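First residue of the sequence shown: 26, per this note's numbering; consecutive thereafter.
Reviewing the structure listed below.
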Amino acid sequence: MGSINFITSTNTLEHISPHDIQKILLECHRLLRNDGLMSLFIDYKDHYSYFDHSISTYNFLQYSDRTWKFFNPPLHYQNRLRHGDYLLLFQETGFEILDERRTDGTAADMEIIKRLPLDKRFESYTTSELAVRSAHIILKKANWF
26 MGSINFITST NTLEHISPHD IQKILLECHR LLRNDGLMSL FIDYKDHYSY
76 FDHSISTYNF LQYSDRTWKF FNPPLHYQNR LRHGDYLLLF QETGFEILDE
126 RRTDGTAADM EIIKRLPLDK RFESYTTSEL AVRSAHIILK KANWF
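This is the structure:
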């Protein structure tokens, strides 16, 4: 049984590789008390758009993983996972969502995404799935895990 009551992460998970996120979540599951909670803020936007106003917050969706490696150094790594990818990771690692507050993309965001030459990695997502800008998610251990 875990001993931690509360775990929080603010704008960090998007900077961790998916493989490592899974390991971190499993360790959080082990450490968290059965009645404990996790609070996660995730920023899904291309962080380069914060200082380069010539690109959109969805700019990084047009690059293949191979090309993205040139723009994605270890000191500023961005995994480009989308909201649904995180939800699946939470489920796979034994968590249940208690509360989920997304900041969805606007109509203008949808138009930006529709004009982007999306990499094939992102073609299976709907425009609205790609447009999610950020989320705050509260998790607890699932009873079934």
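Virtual Cβ for every residue (Gly too), placed ideally from N, Cα, C.
All of these numbers come straight from a predicted model, not from anything done at the bench.
(Q) So residue 165 and residue 120 are supposed to be a Cβ contact under 8 Å. How far apart are they, rounded? (A) Taking a contact as a CB-CB distance under 8 Å, the pair residue 165 and residue 120 counts as one, their CB atoms being some 7 Å apart.
Q: Please work out which residues of its chain come closer than 8 Å, Cβ to Cβ, to residue 87, disregarding the five sequence neighbours upstream and downstream, and give them in chain order.
A: The beta carbon of residue 87 sits closer than 8 Å to the beta carbons of 141, 142, 143 and 144 from its chain, once the five residues preceding and following it are set aside; these are given in chain order.
Q: Determine the contact status of residue 162 and residue 115, defining contact as a CB-CB distance below 9 Å.
A: yes
Q: Pick out whichever of 108, 159 and 126 has its Cα sitting closest to the Cα of residue 151.
A: 108
Q | Bridge partner(s) assigned by DSSP for residue 126 | A | Its beta-bridge partners are 161.
Q.
By the three-class DSSP mapping on this structure, what secondary structure does residue 148 have?
A. coil
Q) Which stretch, first to last residue, makes up the beta strand (DSSP E) that contains residue 31? A) 29-35
Q: Assign residue 122 to buried or exposed, taking buried as 16 or more other Cβ atoms, counted over all protein chains shown, within 10 Å of its Cβ.
A: exposed
**Q.** CB contact flag (residue 155, residue 130, <9 Å)
**A.** Contact flag set, yes.
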